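Working notes for the structure below.
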Amino acid sequence: MTMRQTAFTAITGEPLPVNGEVNEFLSVLHDGTVLCKLANALAPNSVKKINNSTLPFKQMENISFFLAFAEKFVNKSELFQTVDLFERQDPNSVLICLAALARKSERVFGKSGLGPKEAEGAKKEWTSEQLRAGEAIIGLQMGSNKGANQSGMIMGNTRHM
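At position 109 of the sequence shown the residue is numbered 109 (the UniProt record's numbering), and the sequence of numbers has no breaks.
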């Protein structure tokens, strides 16, 4: 059992029976109950009703409950669609969402061990002397897209005269 699996089990109280295979991992998450239990373990009562039904629309509803929870804490670009998990259309987006939530787990929920600690921005304090020095920089020292370039060149063709 990996360190992440141990942390997951400690936080949710549920074992995570996977061996590292993506398809097996998606099978465990497929009905959404594990995701809902994770949401409730991180923030109690965040998912009011977990459906234990084998009906597909109830399982997709569980996934939607988890996504509604995750949307509050994770960037919209890091979320996945219900079909990405349920129909296994985009396993990477599911993993990205879980990794993003794991990064937030320590700072937002006070639960450590699920993922790496989220980086914090460093504040820069500039002196007025440094700001004045920046004004002296000539614009072309920052780069230019003018001058010699390959515009108009045709690759792989002879030059017609």
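The C-beta atom is built at its ideal place from N, Cα and C for all residues, glycine as well. Predicted, not measured: the structure shown is a model, and the values here were computed from it.
Residue j beta carbon less than 8 angstroms from that of residue i
i	j	result
LYS104	PHE73	yes
LEU26	PRO116	no
THR82	SER64	yes
ASN52	GLU61	no
residue 187	ALA43	The structure shown does not extend to residue 187, since the chain spans only 1 to 161, so no value can be given for it.
GLU14	LYS37	yes
LEU98	ILE11	no
Secondary structure of residue i, DSSP reduced to three states
i	result
LYS104	helix
VAL94	helix
GLN89	coil
GLU120	coil
ALA70	helix
LYS51	The question names Lys, but residue 51 in the sequence shown is Asn. Reduced to three states, the DSSP call for ASN51 is coil.
THR12	helix
VAL18	coil
PHE57	helix
Between the CA atoms of residue j and residue i - distance to the nearest angstrom
i	j	result
LYS111	ALA41	9 angstroms
VAL34	PHE57	16 angstroms
GLU87	ILE138	55 angstroms
LEU29	VAL47	16 angstroms
THR9	ALA122	34 angstroms
LEU101	LEU95	10 angstroms
LEU55	LYS76	28 angstroms
GLN24	GLU106	It should be noted that the sequence gives Glu, not Gln, for residue 24. Approximately 27 angstroms between the Cα atoms of the pair.
GLY32	ALA119	29 angstroms
GLU129	GLU135	10 angstroms
PRO78	ALA39	Checking the sequence, you will find Glu at residue 78 rather than Pro. Distance between the alpha carbons of GLU78 and ALA39: 16 angstroms.
Counted within 10 angstroms of its Cβ, other Cβ atoms place residue i as buried (16 or more) or exposed
i	result
ASN19	exposed
GLN89	exposed
ALA70	buried
LEU131	exposed
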